[in-house]
Amino acid sequence: MQKFIILITTEDYTLINNPDLECFILSQDLSFDFKKEFALQAKEKIVLAQNLKDLKDFNLDGVVLDLSGVQNISLEWKTIKSELKNKITGLITRNRRHEAMLTSECEPDFIIFKAWAEGLEKTKELTSWYQEMFLIQSALWPQEDLDAKDFETDFLIISNTKYKKSA
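Heads up: the sequence shown begins at 2 in the numbering used here, then just goes up one per residue.
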């Protein structure tokens, strides 16, 4: 069964103390003060940023980066990696086998596949293939309201508002 990574999209602290949740991503759209306070309150949890600035500003545990549009993923990664200094890293990849392989060669802590209703079966097939071929953990980040329980990924990224509705 997948573990949840909660994308915090609204200024809400209620899920911090939920013992079933261990990892959060702070949306880059949240206010500076909220991100700072959330990071302080969630010190026993893993808190990730969506950009390098937030990672540094709030001394977070790691970052989720989207390198899917980059021409040379490994070159871009080499530039970024020196700034991370043992931080947790999740890298978003396009839903293509070749790009998933290139992204995995960067050796992130986990790789993220986005999913839309259109192409859902193709994404499901890709995540199954990935789980068979790679040791790096994977996450599914549905971009629409989708049933993601049948996907073979280690993590499921959902917003705090969707988590509350499903709980």
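For glycine and all other residues, C-beta sits at the position ideal for the given N, C-alpha and C.
Remember, predicted model here, so these are calculated numbers, not experimental data.
Collapsed DSSP secondary structure at residue i in the structure displayed
i       : result
Phe-39  : helix
Trp-78  : helix
Lys-46  : coil
Asp-151 : coil
Asp-30  : coil
Bridge-paired residues (DSSP) for residue i
i       : result
Ala-101 : BP columns for Ala-101 are empty, so no partner.
Ala-140 : Ile-113 and Phe-156
Cβ-Cβ distance between residue i and residue j below 7 Å
i       : j       : result
Tyr-164 : Ile-7   : yes
Phe-156 : Gln-3   : yes
Ile-47  : Leu-27  : no
Val-71  : Leu-49  : no
Ala-116 : Leu-92  : no
Ala-140 : Ile-113 : yes
Cβ separation of residue i and residue j, assumed to be a contact under 8 Å, to the nearest whole Å
i      : j       : result
Ser-69 : Glu-106 : The Cβ separation is near 15 Å, so there is no contact.
Nearest-angstrom Cα separation, counted from residue j out to residue i
i       : j       : result
Ala-118 : Glu-145 : 7 Å
Leu-230 : Trp-142 : Since the first residue of the chain shown is 2 and the last is 168, residue 230 is not available in this structure.
Lys-86  : Thr-104 : 19 Å
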